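Numbering (my numbering), first residue to last: 27 to 258. A virtual CB, placed ideally from N, CA and C, is assigned to each residue, including glycine. All values reported here derive from a predicted model rather than from experimental measurement. Notes to accompany the following structure.
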Amino acid sequence: MPLIPDPTQATRQGAADVPPFRGPFRNEAKMLDRADLESRIESLSRSLDDLRPPGAVDRRLAPLVVIDRIDHLGRYLYVDRIAEDLLGFPPEYYETETDWVRYNHRLDIERVAVLWDAALRGRRIRGIEYRTDHVDGYWVWLEDSFTPILSDRSGRSLVIEGRWRDITPRKRREIEFLLEGLEDSLRMLKSAPVSGRTVVLRYSGSRSRTGDLSPRAPRTPRGGRPGPSGWT
27 MPLIPDPTQA TRQGAADVPP FRGPFRNEAK MLDRADLESR IESLSRSLDD
77 LRPPGAVDRR LAPLVVIDRI DHLGRYLYVD RIAEDLLGFP PEYYETETDW
127 VRYNHRLDIE RVAVLWDAAL RGRRIRGIEY RTDHVDGYWV WLEDSFTPIL
177 SDRSGRSLVI EGRWRDITPR KRREIEFLLE GLEDSLRMLK SAPVSGRTVV
227 LRYSGSRSRT GDLSPRAPRT PRGGRPGPSG WT
């Protein structure tokens, strides 16, 4: 399945309005042994530890929508001051920053880059979820949209407006819910007879709701303004 829905199915009113990316829905059953469960639990636990700590941000800020405007060269033209409260970077940081995509989680970069390129070609992208880093080195989950607001004669976007909000608390609850189910399955597996040391894990839903929750790769915090070599 492609990352972006077929643009021919979108309603064209200026820029094409591309529906939210939610990923393929699944309803699967997987046979897991003890090692599989323990590996998944360890991976999810690490990803939970890598998220912004609960209470680090005023809860009243979470529902607020942050607006930024970025040109086709990746330069910030405007960003709400509330962005500093959520990500930790002062306003002057954005005066010289470019290529914002490279600071997203290594497992989200490719998907975000594809959708950003689609926005540069004049499409509106809604409801994309990804992780970006905080000045203190942990991950913050965002729900974002890209809307072209200025284009050239060929339809290429010159300025794109982003509207994003912090969804880290929701993602934390999703991971905790998954962990609880996996830990229950592991307990059942440990108490099962030797002849039945596998468990059927059933689940359904959208892959993008939880994303790929693998732990982050070691990297230099963005506060030090690393180049692309800061990523592995």
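L113 and S217 have their C-alpha atoms spaced approximately 44 Å apart. For F115, the secondary structure class from DSSP, reduced to helix, strand or coil, is coil.
When the alpha-carbon of G100 is set against those of V166, Y120, L90, the nearest one is in Y120.
I193: not part of any alpha helix (DSSP H); DSSP gives it neither H nor E. Here DSSP, grouped into helix, strand and coil, assigns R60 to helix.
Boundaries of the alpha helix (DSSP H) around W142: 135 to 146. Per DSSP, the continuous beta strand (DSSP E) segment holding R157 begins and ends at 149 to 159. With 16 or more other CB atoms across the displayed protein chains lying within 10 angstroms of its CB, T158 is buried. Here E155 is buried. Its C-beta has 16 or more other C-beta atoms within 10 Å.
Collapsing the DSSP output to three states places S217 in a helix. Between the C-alpha atoms of L205 and E68 there is a straight-line separation of about 9 Å.
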